[in-house]
Structure formats: C-alpha cells, structure tokens
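Quick note: this note's numbering has the sequence shown finishing at residue 546, numbered continuously throughout.
Idealized CB from N, CA, C, for every residue including glycine.
Just so we're clear, the structure is a prediction, and the values are computed from it rather than from any experiment.
In what follows, a single structure is set out as structure tokens and then discussed.
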Amino acid sequence: MMTKTSVRHSWGQGEVYESLCLLSIGTSFWMICVSLGLFDTLTTFVLAHNLLEFLMLATFMGAALMGAFVRKSIILRRTMAERDAAASQAEQVARHDALTGLANRRLFLETLGCWQTKPQPGPPSAVLLIDLDRFKPVNDLYGHAAGNAVLCSVADRLRAVLPRHGMAARMGGDEFSMLLRLEGGSEGLLRLAERVIASLSAPVLWNGNELKVGATVGIAFVTGELADADAVLHAADLAMYQGKKDGRGVVRVFKSAMDEELRARAQLETELRAAIENGEIEPFYQPVVSLPGRKLIGVEVLARWRHPIRGLLAPSEFISVAEETGSIADLCYSLIRRACLDAREWPAELTLAVNIAPQQFLDAWMAERILAILTETGFPPHRLEVEITESALIQDLDGTRRTLTSLQNLGVRVALDDFGTGYSSLYHLRELKFDKLKIDRSYVDSVTMSAERAKLVDAIIKLGASLGLVTTAEGIETEDSSSWLSDQGCAFGQGYLFGKPMPKDEIDRVIAHPACDPADCAPPRSTQAA
Ligand code: C2E
Ligand code: MG
Ligand code: MG
C-alpha cells in the first residue's frame with residue numbers, strides 16, 4: 017500500500033529534479049550568452065541608453081513568472097501523486113481482505129486466471145482450498161472478537177508457510193486458499209498441505225483462553241482440463257468437501273469422480289425437497305419400555321423416507337442434507353403433526369418422543385410452532401417429549417434455555433438425547449432443567465463386555481438420579497444388558513430387544529396387544545427398519 021511518507025518522498029524528488037532542470041537550462045543559456053558576447057553588447061547598450069532600471073524590472077518580472085511556473089508545476093505534481101495514491105489505495109481495498117490483509121477472492125481468481133491462461137515456464141501450479149473446522153463453536157462460544165483473532169492468526173500462519181511466488185487469500189468466512197507452484201512435486205505439495213493443517217490446529221491464545229480450530233484441505237491442480245479459474249476452485253472445493261466427509265483435518269486431492277458425487281448430492285437435495293412437500297417422509301415408531309417390567313410407556317418418532325427407487329431410507333441418508341439445506345424444520349413439523357394425529361388414538365398414558373435438530377433451537381418461535389400443532393391436532397402437551405442433542409447446547413445456550421423453558425411451561429417434557437457423545441457438561445445439566453437423560457447406544461451396547469463402560473454408564477445413571485432426572489438407555493439388544501441396566505436403576509429402555517422402529521399399522525398392533533412380543537407382531541421384513 018502506498019503510504020503518506022512514500023507520497024511525500026516522491027514529491028521531494030520531483031521538486032529537486034525540476035529545480036535542477038531549470039538551473040541547468042539557465043546555466044546553459046548564460047554560457048551561450050557569455051560565449052557570444054551578448055552580455056557585453058547588452059551592457060554597452062543599456063548604459064548608452066540609460067536602461068538599467070528597465071532591465072532590473074524585466075529581470076524581476078521574469079523571475080516572478082518562472083516562480084509561478086515552478087509553483088504551478090509543483091501543485092500539479094502533488095495533485096497527481098495524491099490521485100495515484102488514492103487509486104492505489106482503492107485498488108488495495110478492492111482486492112484485499114480488510115480483516116487479515118490477505119488477497120481476497122477477486123484477486124485470487126484474477127491471479128489464478130492469469131496463471132492458467134499464461135502458463136509460466138517451470139513446474140505446474142496447484143490450488144489449496146482450506147476450510148477451518150470447528151470455527152463456528154469458537155465464534156458462538158467466545159464471540160466475534162475471538163473469531164476475528166483466530167482468522168488473523170490463521171492468515172499469519174498461512175503467510176509463514178507460503179512458498180516463494182505463492183499467494184494466500186481469504187475467500188470469505190472461514191475459508192482460505194493458496195496458489196502455488198509445485199516446486200517439490202506432488203509429494204512436496206501434500207507435505208505442505210499437512211504442514212498447513214498442523215500449523216492451523218495449534219491453539220490460538222486469546223484473552224487467556226486457548227481457542228482451538230482445525231483445517232481440512234482440498235487440492236486441485238491447475239491443468240488445461242479445467243476450463244477456467246472458477247472450475248479449478250470448484251474442483252478444490254469438491255476435494256475439500258470430500259475431506260470434511262472423511263472426518264475433517266485431512267487433505268484430499270480432486271478426482272473427477274467427486275464431481276459425479278456432487279451431482280448426485282444435488283439430485284438428492286431436489287428429491288428431498290419434493291419428498292418433504294409430498295409427505296414421502298413418514299414417522300416410524302420405536303417402543304420405549306419401563307425397566308424391569310418392560311411395560312410399553314411410549315414411542316420415539318424416527319423419520320423414514322419411502323424413496324420411489326431406493327426404497328426405505330434411514331435418517332442418516334437425509335437428515336444432515338435437510339439440515340444443511342434448511343428444510344429440517346419443515347420436515348420435523350410435518351412429522352410431529354402426523355405423529356400427533358396417529359397417537360391420538362392410542363391409550364392416554366403413552367408418550368410421544370420427537371427429535372428436534374439443533375438449528376431449530378435458533379428459531380425463537382419454535383415453542384409457539386409446536387403449540388400450534390398440538391392445538392390443531394388436539395394432542396395433550398404433557399404426552400409430548402422433545403429430544404435435543406448435545407450439539408444444540410453449544411450454539412446458543414441462552415436461546416436454547418429460553419426455548420426449553422417455553423416448551424416446559426406448555427407441559428412438554430425435554431430429554432437430552434445421545435448423552436455422552438457431545439459437549440455437554442455438568443454445567444449444562446444444571447443450567448438447563450431437563451426431564452430425562454438418554455444414554456447413547458455406543459455406551460449401552462458394551463456394558464456387559466467392558467468393565468470401564470459399565471462403570472461409566474453406572475455413573476451416568478447415578479448422576480441423572482442425583483439431578484432428579486430419569487434415564488433411558490438406548491440401543492438395548494440383549495437380555496444381559498437389559499437386566500444389568502435395570503439393576504443399576506435405569507428407569508426406561510429402548511432397543512431392538514423390545515422392538516425396532518416400525519410403521520403406524522405395526523405399532524398399532526403392538527399397542528393393541530401389549531402382551532405380545534413386538535418381535536412376534538413384527539411386520540414383513542420390507543417395512544421394518546433398523
Ligand atoms: P436417536 O434419536 O438417538 O434414535 C435412536 C436411533 O438408534 C435410531 O436410529 C434407532 O433406530 C436406533 N436404535 C434403536 N435401538 C437400537 C438398537 O437396539 N440397536 C441399534 N443398532 N440401533 C438402535 P435411526 O432411526 O437411524 O435414527 C438415527 C438418528 O437420526 C436419531 O438418533 C436421531 O438423532 C435422528 N433422527 C431420526 N428421526 C429424526 C427426525 O425426525 N428429526 C431429527 N432432527 N432427527 C431425527
Ligand atoms: Mg432421539
Ligand atoms: Mg439417541
């Protein structure tokens with residue numbers, strides 16, 4: 017960037033240069049006059065005609081004219097220098113990120129375009145697209161100042177590892193990129209990408225806190241096969257997206273198959289939107305029983321998509337897509353509405369547990385929306401239980417608390433789902449007055465095999481009891497686990513041992529014949545789902 021000092025410096029040089037020019041012109045003129053004897057002739061003439069005063073006057077007027085000319089020229093030079101400085105500053109702002117000082121997306125794409133259209137002699141080049149992992153929780157928990165500190169430190173660390181002649185840029189949000197030559201071949205490039213991940217994973221110290229993020233890197237080579245700069249960036253983006261899917265904190269290099277995967281994903285998004293609108297996502301119901309008596313006390317509503325070609329799809333195939341595309345709320349409310357209508361016919365003591373996605377808690381009107389469904393369907397609030405996962409707690413604790421309190425004021429109960437898999441702490445358990453803890457099935461399925469796990473599950477049940485919470489163990493598959501859990505004081509159980517998630521007509525049969533083992537009432541294999 018051109019600074020004020022550098023602008024002043026250039027004016028000084030201009031002035032000296034201009035004065036020297038004028039002096040040398042004057043000196044040359046004087047020498048010519050001396051060598052031609054013009055001064056002697058002039059002196060004789062002036063003295064003969066008594067014109068000394070007139071000559072002095074002419075000399076002063078000439079000097080004044082010269083001064084005015086020099087002044088005007090200096091002002092003109094200054095104006096031009098200021099205009100150049102302003103233009104260069106505007107250029108700087110338009111092509112650089114204001115927070116980190118790195119190149120911005122526009123400059124990066126322009127440079128990438130140049131490298132692509134005018135290949136330089138030497139090794140080919142590549143783009144590294146770097147997306148931060150776990151940046152959002154840092155921003156949400158510690159605020160924007162902390163987020164900005166992380167972004168600035170990321171920029172510094174990228175500058176530190178950037179090879180000569182390379183470019184680092186902030187593409188927007190928590191996405192960065194690098195453009196560089198493959199000096200050390202593709203192995204060198206992979207080593208560099210690993211170094212980037214290691215460097216960005218080191219904690220950032222901010223106000224006495226250690227802020228930790230990570231990074232996932234996608235790489236695309238700048239080749240003639242990719243039409244333009246956008247296509248190269250898109251390829252690096254696909255590779256990065258693959259890295260996120262593979263567990264984050266890894267490097268992935270673009271392969272053309274990734275493009276097909278993305279197309280498939282786009283198609284899934286379109287189909288899912290239509291499926292939600294057409295009611296193709298339906299509620300399945302999994303029994304929840306009391307322990308040790310195994311009396312049916314309620315059901316959990318689990319989404320299933322009857323896909324016209326792919327058959328019955330489990331939530332893992334589409335819930336995250338619905339969350340990412342913003343259609344999870346529509347999906348969830350339509351399921352709750354259908355489930356409430358189904359459950360109206362069941363005995364009044366049976367509860368209905370529904371899963372709510374973390375991002376729905378960001379909607380300040382969620383409790384009102386649920387109340388509207390309960391009123392419309394005539395389903396009593398005290399029979400509804402809302403399950404929230406631990407990740408909802410870290411994104412906006414105050415907002416989540418307000419929503420939970422509004423729901424509980426309506427009479428709806430709230431359960432903390434998948435306990436033990438996320439970030440919740442004793443602090444969260446005390447702050448948010450849950451009614452129930454659901455122990456995640458990853459703990460439950462190994463209680464009888466691992467003494468360590470058994471101790472942990474025992475501790476969770478006792479912790480729940482000490483806070484006045486009942487516990488449900490998820491994923492009970494064996495008699496041994498069931499009796500061990502009920503011996504430890506676990507009040508409720510859910511799992512394949514008591515029944516898999518099933519469609520309405522099937523759960524209707526189980527409810528109508530409570531003595532009958534759900535396995536015996538089981539529907540044909542095609543309708544039941546894991
Ligand atoms: P979740 O709420 O923890 O539901 C329990 C999951 O454990 C269900 O998987 C259920 O089929 C499975 N499960 C229950 N008992 C057993 C068992 O004994 N063995 C094994 N191996 N699995 C068992 P499902 O239906 O695939 O759902 C997975 C997750 O998807 C749910 O976990 C829930 O977090 C989410 N989900 C399901 N439906 C919805 C929905 O309508 N909205 C939202 N936001 N999330 C949903
Ligand atoms: Mg659940
Ligand atoms: Mg669960």
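Next item on the list: Determine the direct distance from the alpha carbon of A142 to that of L195, and round the result to whole angstroms.
Entry: Numbered from 1 along the sequence shown, position 179 holds the residue referred to as residue 195. Numbered from 1 along the sequence shown, position 126 holds the residue referred to as residue 142. Cα to Cα, L195 sits roughly 6 angstroms from A142.
Checklist line | Nearest-angstrom Cα separation, counted from T464 out to W222 | finding: Numbered from 1 along the sequence shown, position 206 holds the residue referred to as residue 222. Numbered from 1 along the sequence shown, position 448 holds the residue referred to as residue 464. So the two alpha carbons sit approximately 44 angstroms from each other.
Notebook entry, point to check: If we ignore side chains and look at the alpha-carbon of each, how far apart do A184 and V166 end up?
Noted result: Translated into the one-based positions of the sequence shown, residue 184 becomes position 168. Translated into the one-based positions of the sequence shown, residue 166 becomes position 150. Using only the alpha carbons, I get a separation of about 16 angstroms.
Note to self: Rounded to the nearest angstrom, what separates R326 and E287 at their Cα positions?
What the structure shows: Position 310 of the sequence shown, counted from the first residue, corresponds to residue 326. Position 271 of the sequence shown, counted from the first residue, corresponds to residue 287. Rounded to the nearest whole angstrom, the CA to CA distance from R326 to E287 is 12 angstroms.
Margin query: Between which residues of its own chain and L445 is the CB-CB distance below 7 angstroms, once the five residues before and five after are set aside?
Written below: Taking the sequence shown and counting its residues from 1, one reaches residue 445 at position 429. Hits under 7 angstroms: L483.
Check: Taking Cβ positions, are F508 and L307 nearer each other than 8 angstroms?
Finding: Stepping through the sequence shown from its first residue, residue 508 is reached at position 492. Stepping through the sequence shown from its first residue, residue 307 is reached at position 291. In this structure, L307 lies closer than 8 angstroms to F508 by Cβ.
Checklist line | Spatially closest choice to G295 from R354, A408 and L242, by CA coordinates | finding: Taking the sequence shown and counting its residues from 1, the one referred to as residue 295 is at position 279. Of R354, A408 and L242, the residue nearest in Cα terms is R354.
Note to self: Once the 5 residues before and after E490 are set aside, which same chain residues still bring their CB inside 7 angstroms of it?
What the structure shows: Taking the first residue of the sequence shown as 1, we reach residue 490 at position 474. Sequence-distant partners of E490 (beyond 5 residues in either direction) whose C-beta falls short of 7 angstroms from its own C-beta, in its chain, are K454, I455, D456, R457, V460, Q510 and G511.
Note to self: Please report the distance separating the alpha-carbon of F377 from that of N225.
What the structure shows: As a working note, residue 377 is residue 361 in the sequence shown. As a working note, residue 225 is residue 209 in the sequence shown. Going by the C-alpha atoms only, they are around 27 angstroms apart.
Check: Can R310 and F514 be called in contact, C-beta distance under 8 angstroms?
Finding: On the sequence shown, position 294 is the one that residue 310 refers to. On the sequence shown, position 498 is the one that residue 514 refers to. A Cβ-Cβ contact shorter than 8 angstroms links R310 with F514.
Margin query: So, at 6 angstroms on beta carbons, what are the nonlocal neighbours of T341 in its own chain, with the 5 sequence-adjacent residues on each side left out?
Written below: Along the sequence shown, read from residue 1 onward, the residue named residue 341 stands at position 325. Excluding positions up to five away in sequence, the list reads E285.
Next item on the list: Verify the contact flag: D451, CB atom, against every heavy atom of ligand 3, threshold strictly below 7 angstroms.
Entry: For the purposes of this step, residue 451 is identified with residue 435 of the sequence shown, where counting begins at 1. Not under cutoff, so the answer is no.
Notebook entry, point to check: Which value, in whole angstroms, describes the spacing of the CA atoms of V267 and D149?
Noted result: In the sequence shown, counting from the first residue as 1, residue 267 sits at position 251. In the sequence shown, counting from the first residue as 1, residue 149 sits at position 133. The straight-line gap from Cα to Cα measures roughly 13 angstroms.
Check: For L145 versus A291, is the C-beta spacing smaller than 8 angstroms?
Finding: Position 129 of the sequence shown, counted from the start, is the residue given in the question as residue 145. Position 275 of the sequence shown, counted from the start, is the residue given in the question as residue 291. No, they are not a contact pair.
Checklist line | Simplified DSSP state of H529, which is helix, strand or coil | finding: Numbered from 1 along the sequence shown, position 513 holds the residue referred to as residue 529. Shown here, H529 sits in coil according to DSSP, grouped into three states, outside any helix or strand.
Note to self: Using a strict less-than 5 angstroms threshold between each residue's beta carbon and the heavy atoms of ligand 2, what residues do you get?
What the structure shows: Any residue whose Cβ sits closer than 5 angstroms to a heavy atom of ligand 2 makes the list: N371, E403 and D433.
Check: So what does DSSP say about L312, is it helix, strand or coil?
Finding: Here the question's residue 312 lines up with position 296 in the sequence shown. If DSSP states are grouped into helix, strand and coil, L312 belongs with the strands.
Next item on the list: Using only alpha-carbon positions, find the residue among Y257, A243 and E298 that is nearest to W131.
Entry: As a first step, residue 131 is located in the sequence shown; it is residue number 115 there, counting from the start. Per the Cα distances, A243.
Item checked: Closest Cα partner of T405 within the set I297, L387, F450 and Q105 -> Position 389 of the sequence shown, counting from 1, holds the residue named residue 405. Looking at the Cα atoms, F450 is the closest of the given residues.
Checklist line | Separation of D503 from R469, as counted between CA atoms | finding: Residue mapping note: residue 469 aligns to position 453 of the sequence shown, counting from 1. Residue mapping note: residue 503 aligns to position 487 of the sequence shown, counting from 1. About 15 angstroms.
Check: Would the beta-carbon of I492 be found less than 7 angstroms away from any heavy atom of ligand 1?
Finding: The sequence position of residue 492 within the sequence shown is 476, counting from 1. I492 Cβ: within cutoff of ligand 1.
Checklist line | Near ligand 1: Y512 beta-carbon under 7 angstroms from a heavy atom | finding: In the sequence shown, residue 512 corresponds to position 496, counting from 1. Yes, since a heavy atom of ligand 1 falls inside the 7 angstroms radius drawn around the Cβ of Y512.
Margin query: Restricting to runs no shorter than 4 residues, where is the alpha helix (DSSP H) found entirely within the segment 424-497?
Written below: 442-447, 457-460 and 467-482
Next item on the list: For N66, count neighbouring Cβ atoms within 10 angstroms of its own Cβ and tell me buried if that reaches 16, exposed if not.
Entry: Here residue 66 refers to the residue found at position 50 of the sequence shown. Exposed is the call here.
Notebook entry, point to check: How would you call T232, buried or exposed, if buried means at least 16 neighbouring beta carbons within 10 angstroms?
Noted result: Position 216 of the sequence shown, counting from 1, holds the residue named residue 232. So T232 ends up on the buried side.
Checklist line | 8 angstroms contact criterion, which L254 and I235 should meet: CB distance rounded | finding: Residue numbering aside, residue 254 sits at position 238 when the sequence shown is read from its first letter. Residue numbering aside, residue 235 sits at position 219 when the sequence shown is read from its first letter. Not really, about 11 angstroms apart at Cβ, beyond 8 angstroms.
Notebook entry, point to check: Can you tell me the Cα-Cα spacing of T57 and A64, whole angstroms?
Noted result: Numbered from its first residue, the sequence shown carries residue 57 at position 41. Numbered from its first residue, the sequence shown carries residue 64 at position 48. T57 and A64: Cα-Cα distance of roughly 10 angstroms.
Next item on the list: Assess, as a yes-or-no matter, whether the segment 90-100 is touched by the segment 155-169 under the definition of 3 or more beta carbon pairs within less than 8 angstroms.
Entry: Contact between the segment 155-169 and the segment 90-100 is absent, because fewer than three Cβ pairs lie under 8 angstroms.
Item checked: Buried versus exposed, by CB contacts within 10 Å (16 or more), Q108 -> As a first step, residue 108 must be located in the sequence shown, where it is residue number 92. Exposed: under 16 other Cβ atoms inside 10 Å.
Notebook entry, point to check: DSSP on Q302, reduced to helix/strand/coil?
Noted result: As a first step, residue 302 must be located in the sequence shown, where it is residue number 286. If DSSP states are grouped into helix, strand and coil, Q302 belongs with the strands.
Next item on the list: Could you work out which residue in I48, L174, E298 and V304 is closest to Y349 when comparing CA atoms only?
Entry: Indexing the sequence shown from 1 puts residue 349 at position 333. Ranked by how close their Cα comes to the Cα of Y349, the residues I48, L174, E298 and V304 have E298 in first place.
Check: Pick from M187, A209 and R207: whose alpha carbon is nearest that of L249?
Finding: Here residue 249 is taken as the residue at index 233 of the sequence shown, counted from 1. It is M187.
Next item on the list: Take the Cβ of A359 as the centre, count every other Cβ of all protein chains shown within 10 Å, and call the residue buried at 16 or more, exposed below.
Entry: Taking the sequence shown and counting its residues from 1, the one referred to as residue 359 is at position 343. With 16 or more Cβ atoms within 10 Å of its Cβ, A359 is classed as buried.
Check: Is K454 near ligand 4, in the sense that its beta carbon is under 7 angstroms from a heavy atom of that ligand?
Finding: Annotation note on ligand 4: not contained in the displayed structure, which lists ligand 1, ligand 2 and ligand 3 as its ligands.
Check: Which whole-angstrom value describes the C-beta separation of R197 and P139, a residue pair presumed to lie in contact below a C-beta threshold of 8 angstroms?
Finding: One-based indexing of the sequence shown puts residue 197 at position 181. One-based indexing of the sequence shown puts residue 139 at position 123. That pair is a contact at about 5 angstroms.
Check: Quick one, are the C-beta atoms of I344 and Q375 less than 8 angstroms apart?
Finding: Here residue 344 corresponds to residue number 328 of the sequence shown, with the count starting at 1. Here residue 375 corresponds to residue number 359 of the sequence shown, with the count starting at 1. Yes, Cβ-Cβ distance for I344 and Q375 is below 8 angstroms.
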